[in-house]
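**Q** Could you have a look at this structure, given as structure tokens, before my questions?
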Amino acid sequence: MRFSYTHHMPYTGVTEAGQDWPVANKQFDPKLGVEMFQRYIEDKIYAEQAGFDWIGSNEHHFSPYGMMPNPNLVGAVLANRTKRAGILQSGNIIPITNPIRVAEEYAMLDVMSGGRLIAGFMRGIPHEYVAYNVSPDESYGRMAEAIALIKKAWSSPEPFGWEGEFYQFRAVSIWPRPVQQPYPRMMMSASSDASARLAAEAGSSAGFLRIVDFESTRQQIKVYMDRARECGWTPKADDVMIGMNCSIAPTYEEAKEILQAGQKYFFGVLGGGIRTAQQLVIQKTRYFKDKGAAEKFAKKATVQREASFDERVEQGLIVCGTPEMAIQQIQRIHRELGNGRMNLSVKIGNVADHHVTRTLDYLRDIVFPAVRQLGEENDPAQAAE
Amino acid sequence: MFKEKTAMLGKGEIKYFVGGTGRPLIHLHGAGGVRPNAGLEALAENVTIYMPVLPGFDGTAEIAGIDSMETLADLVADFIDKEIGEAADVLGLSFGGWLAAWLAVRHPSKVGQLCMENPAGFRPKDAPAPSTDPETRMKQMYAYPERLPKETKSDKVIAKNLSMLGHYHGDTSFDEKLASQLGKIECLTMIMHGTRDGRVPEEAVQFLKRDIPRSHLIYVYDAAHSMETDQPARFAHLVADFMERAEAFLVNQGTTSGRPQQVL
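So the protein lines, in turn, are chains A and B.
Positions 6 to 390 (the numbering used here) are the ones given, in order, by the first sequence.
Positions 56 to 319 (the numbering used here) are the ones given, in order, by the second sequence.
Right, here's the structure in full:
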């Protein structure tokens with residue numbers, strides 16, 4: 006089992022709940038912002054020392070939810086300050102960004118890190134399309150075309166042009182080229198059937214990040230695996246990444262109290278306004294290809310809100326408790342889903358940074374050594390059937 | 056839209072089709088013979104397209120002495136002389152793209168600008184051969200088979216068309232003789248490749264881009280080998296823009312061009 010550490014770099018100086026999106030930036034205190042950036046960067050670097058295999062950064066706009074409108078800037082710092090860990094950009098929101106710019110910046114990160122980039126291609130959460138004034142109706146089309154264009158930009162030795170539906174370029178030849186040839190390793194979200202198929206078609210590893218139960222996740226993994234085989238390749242267990250929130254403490258009660266408070270702040274303060282804009286996009290556009298996918302997305306949100314914390318831990322949807330409990334929970338997830346990789350989010354909302362560090366230490370000293378061997382030979386398709 | 060005519064050439068007569076408005080453009084067909092389609096009709100709004108039926112294709116007679124790519128290129132040069140009377144832009148599809156390169160090498164004064172559309176003839180020896188399995192072949196040829204115009208040719212004509220390929224180039228898949236002379240091509244050249252083309256490998260168009268001095272390689276997204284029918288609007292816009300603006304086609308014209316500008 007390999008582990009990825011994603012830290013959204015939230016701005017936790019906001020206290021008022023339920024603010025609409027976009028959140029007024031008059032609440033941003035630059036002095037506090039400087040401190041947070043310094044602390045968060047050190048925290049991400051510490052994740053490598055704690056034994057994480059990848060360190061993740063992601064893109065969000067116009068909200069204290071995350072202070073990384075361009076995660077590649079953070080990736081550049083990590084590329085320079087770390088030695089071993091993969092630099093997971095999870096990712097750039099491809100449909101709202103210039104794909105040539107993404108190809109160039111990702112290539113830079115791959116070279117700067119000595120070939121450690123994991124190139125995340127994300128479609129983003131719905132409100133991001135309002136931020137950059139791109140039609141949500143076009144999100145899948147832009148995503149598919151942009152990925153094809155980026156891969157061509159990475160791999161074409163000769164200058165080329167592109168005549169597409171959404172993108173037209175007449176002269177492309179990026180400098181530098183990536184170290185990993187023909188492409189850097191890729192990571193895409195596979196949380197809907199359409200995105201699972203797209204990840205498989207792109208030859209990308211897949212992240213299953215909003216899990217509501219094991220059964221539906223198994224089905225999602227099956228969609229990904231089946232489509233990959235149709236495209237002529239077979240993902241390994243290492244290509245299947247399961248995302249979970251994580252809190253570890255000397256007792257379950259303490260771990261729960263810390264994470265529960267962080268989640269309350271996350272959903273109430275950081276995520277509140279986003280939901281309003283999200284609903285607007287989902288209801289008024291064709292962000293999802295079909296009604297079923299939109300309903301599935303809404304159901305996930307409802308299930309997450311309605312189930313109690315204890316129920317979700319019981320269902321195996323949160324890694325929370327003592328180190329020994331965390332080991333059992335990770336073993337169970339692997340048993341159920343056959344994954345060879347997990348993404349653990351520890352800094353949830355305003356969870357205190359010293360608690361974050363303590364969880365990382367427990368993971369390094371007790372949890373990781375006990376679960377490293379999981380998924381080495383496993384085929385996730387077998388678990389999904 | 057396209058009218059049938061006959062051209063009397065030095066070696067014999069050939070049939071051709073012509074239609075459209077604007078400067079002349081010679082379209083050299085692929086293995087399927089002349090096939091008017093949505094892409095060519097859109098292109099004809101900006102150029103006058105001349106489509107010679109190469110000897111032996113589409114039920115026409117072969118011409119004695121025209122039995123190689125070189126002699127066929129000489130015949131096309133004669134066609135340009137007789138029917139247009141000055142240098143013409145040339146667009147060749149697949150087999151026609153291969154022929155167009157021979158024309159540009161042997162008769163540089165006859166070619167204005169050159170456009171090679173999914174060109175055959177430059178398959179590296181280590182690249183896999185195109186599939187002969189009918190289902191796979193269909194996928195390699197057509198991203199959107201439902202966009203194909205209704206078939207009007209008999210099975211006999213289609214089979215004869217395919218046999219004419221061997222008549223002109225034998226079993227050659229990489230034309231070494233032509234490849235060694237690509238550096239002689241003086242005209243501005245655009246090489247077009249469909250991102251889903253399963254018949255012409257990526258290495259072939261990269262090779263052409265590398266060896267033709269004033270060339271541009273453009274990928275046409277979501278088009279297979281039959282680019283003109285898979286993506287008619289992209290095909291027509293790109294060719295017309297290249298022919299009209301030459302090197303300046305690299306530069307974005309902005310919204311005043313009548314085409315929506317890329318947002319990002």
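For glycine and all other residues, C-beta sits at the position ideal for the given N, C-alpha and C.
Under 8 Å by Cβ, that's how I've got methionine 148 (chain A) and serine 194 (chain A) pegged, so tell me the actual separation to the nearest angstrom.
**A** Methionine 148 (chain A) to serine 194 (chain A), Cβ: 10 Å. No contact.
**Q** Is the CB of histidine 236 (chain B) under 8 Å away from at least one CB in chain A?
**A** According to the sequence as given, residue 236 (chain B) is glutamine; it is not histidine. No, glutamine 236 (chain B) does not count as interfacial toward chain A.
**Q** Tell me which residue opens and which closes the alpha helix (DSSP H) that glutamine 378 (chain A) is part of.
**A** Premise fails: glutamine 378 (chain A) is in no alpha helix (DSSP H) and is neither H nor E.
**Q** Identify which residue in A:Ala205, A:Ser209, A:Trp180, A:Thr290 has its Cα closest to the Cα of methionine 191 (chain A).
**A** A:Ser209
**Q** Pick helix, strand or coil for serine 321 (chain B), following the three-state DSSP scheme.
**A** In this structure chain B extends from 56 to 319, so residue 321 (chain B) is not present and cannot be described.
**Q** I want to verify the contact list: residues of chain A whose CB lies under 7 Å from the CB of leucine 276 (chain B), in sequence order.
**A** It is tyrosine, not leucine, that sits at residue 276 (chain B) in the sequence shown. Under the 7 Å cutoff, chain A gives Glu150, Ala153, Trp167, Glu168, Gly169, Glu170.
**Q** Can you pull the DSSP bridge partners for leucine 349 (chain A)?
**A** A:Tyr10, A:Met249
**Q** Could you run through the region 137-158 of chain B and flag, in chain order, every residue whose CB is less than 7 Å away from some CB of chain A?
**A** none
**Q** Between leucine 319 (chain B) and chain A, is any beta-carbon pair separated by less than 8 Å?
**A** Summary for leucine 319 (chain B): the model assigns pLDDT 49, below 50, so the residue's position carries little reliability, and this model does not support an answer.
**Q** For proline 328 (chain A) and arginine 289 (chain B), I'd like the C-alpha separation in whole angstroms.
**A** 58 Å
**Q** What is the residue span of the alpha helix (DSSP H) that glycine 126 (chain B) lies within?
**A** Residue identity check: residue 126 (chain B) is threonine in the sequence provided, not glycine. Its alpha helix (DSSP H) spans residues 124-138.
**Q** In chain B, which residues lie with their C-beta within 9 Å of the C-beta of glutamate 133 (chain A)?
**A** Within 9 Å Cβ-Cβ: nothing; glutamate 133 (chain A) doesn't reach chain B, min ~14 Å.
**Q** My output table needs one value for glycine 277 (chain A): the three-state DSSP class, helix, strand or coil.
**A** helix
**Q** Could you give the DSSP three-state label for glutamate 68 (chain B): helix, strand or coil?
**A** Residue state, collapsed to three classes: strand.
**Q** When you compare the region 123-138 of chain B with the region 159-170 of chain B, are there three or more beta-carbon pairs, one atom per stretch, that lie closer than 8 Å?
**A** The answer is yes - the region 159-170 of chain B touches the region 123-138 of chain B, with three or more Cβ pairs under 8 Å.
**Q** When the Cβ atoms of the region 106-117 of chain A are set against those of the region 70-82 of chain A, are three or more pairs found closer than 8 Å?
**A** The region 106-117 of chain A and the region 70-82 of chain A touch, with no fewer than 3 CB-CB distances between them shorter than 8 Å.
**Q** Could you give the distance in angstroms between the alpha-carbon of alanine 22 (chain A) and the alpha-carbon of isoleucine 338 (chain A)?
**A** 33 Å
**Q** May I ask you to report which of helix, strand or coil DSSP gives phenylalanine 293 (chain A)?
**A** Phenylalanine 293 (chain A) falls in the coil class under three-state DSSP.
**Q** Applying a beta-carbon distance threshold of less than 8 Å, which residues of chain A neighbour leucine 98 (chain B)?
**A** The premise fails here: leucine 98 (chain B) is roughly 14 Å from chain A at the closest Cβ pair, so nothing lies under 8 Å.
**Q** Let me know if valine 306 (chain B) comes out buried or exposed under the rule of 16 or more other beta-carbons within 10 Å of its beta-carbon.
**A** Label assigned to valine 306 (chain B): exposed.
**Q** Can you tell which of A:Val351, A:His132, A:Gly120 has its C-alpha closest to the C-alpha of histidine 66 (chain A)?
**A** Closest by alpha carbon: A:His132.
**Q** Count Cβ pairs between the region 54-63 of chain A and the region 19-33 of chain A that sit closer than 8 Å; are there 3 or more?
**A** no
**Q** Nearest to glutamate 14 (chain A) by alpha carbon, out of A:Leu368, A:Val356, A:Ala204?
**A** Residue identity check: residue 14 (chain A) is methionine in the sequence provided, not glutamate. Comparing Cα positions, the closest option is A:Val356.
**Q** Closer than 7 Å by beta-carbon distance: list the chain A residues that pair up with histidine 280 (chain B), in chain order.
**A** Those within 7 Å of histidine 280 (chain B) in chain A number zero; the least Cβ separation is about 16 Å.
**Q** Can you list, in chain order, the residues of the region 11-36 of chain A whose Cβ is nearer than 8 Å to any Cβ on chain B?
**A** Per Cβ criterion, the list is empty.
**Q** Taking C-beta to C-beta, are proline 174 (chain B) and tryptophan 153 (chain B) nearer than 8 Å?
**A** Yes, these two residues count as a Cβ contact at 8 Å.
**Q** Determine which residues of the region 245-271 of chain B have a Cβ less than 7 Å from any Cβ of chain A, and write them out in chain order.
**A** Thr250, Gln261, Lys264, Arg265, His271
**Q** Could you name the residues of the same chain whose beta carbon sits closer than 8 Å to that of alanine 52 (chain A), not counting the 5 residues immediately before and after it, in chain order?
**A** Tyr10, His12, Ile60, Ala90, Leu365
**Q** Can you confirm whether proline 181 (chain A), when its beta carbon is compared against all beta carbons of chain B, has any partner nearer than 8 Å?
**A** With 8 Å as the cut-off, proline 181 (chain A) does not count as an interface residue toward chain B.
**Q** Just how far apart, CA to CA, sit glutamine 173 (chain A) and methionine 106 (chain B)?
**A** 29 Å
**Q** Note down, in chain order, each residue of its chain lying with its Cβ closer than 8 Å to the Cβ of methionine 286 (chain A), except the 5 sequence neighbours on either side.
**A** The residue asked about is misnamed: residue 286 (chain A) is valine in this sequence, not methionine. Leaving aside the five residues that flank valine 286 (chain A) on each side, the residues in its chain whose CB is nearer than 8 Å to its CB run, in chain order, Pro131, His132, Tyr134, Val135, Pro141, Tyr292.
**Q** With a floor of 3 residues, list each beta strand (DSSP E) that falls wholly inside the region 197-251 of chain A, ordered by position along the chain.
**A** 210-213
**Q** If you draw a straight line from the alpha carbon of lysine 58 (chain B) to that of alanine 142 (chain B), how long is it in whole angstroms?
**A** 22 Å
**Q** Quick check on the burial criterion: 16 or more other C-beta atoms within 10 angstroms. Buried or exposed for tryptophan 167 (chain A)?
**A** When all chains shown are included, tryptophan 167 (chain A) counts as buried.
**Q** Can you find a CB in chain A that lies within less than 8 Å of the CB of arginine 289 (chain B)?
**A** Arginine 289 (chain B) counts as touching chain A.
**Q** In its own chain, which residues sit with a C-beta less than 7 Å from the C-beta of leucine 319 (chain B), not counting the 5 before and 5 after it?
**A** For leucine 319 (chain B), the predicted model reports a pLDDT of 49, less than 50, meaning its position is unreliable; a value from the coordinates is still stated below. Excluding positions up to five away in sequence, the list is empty.
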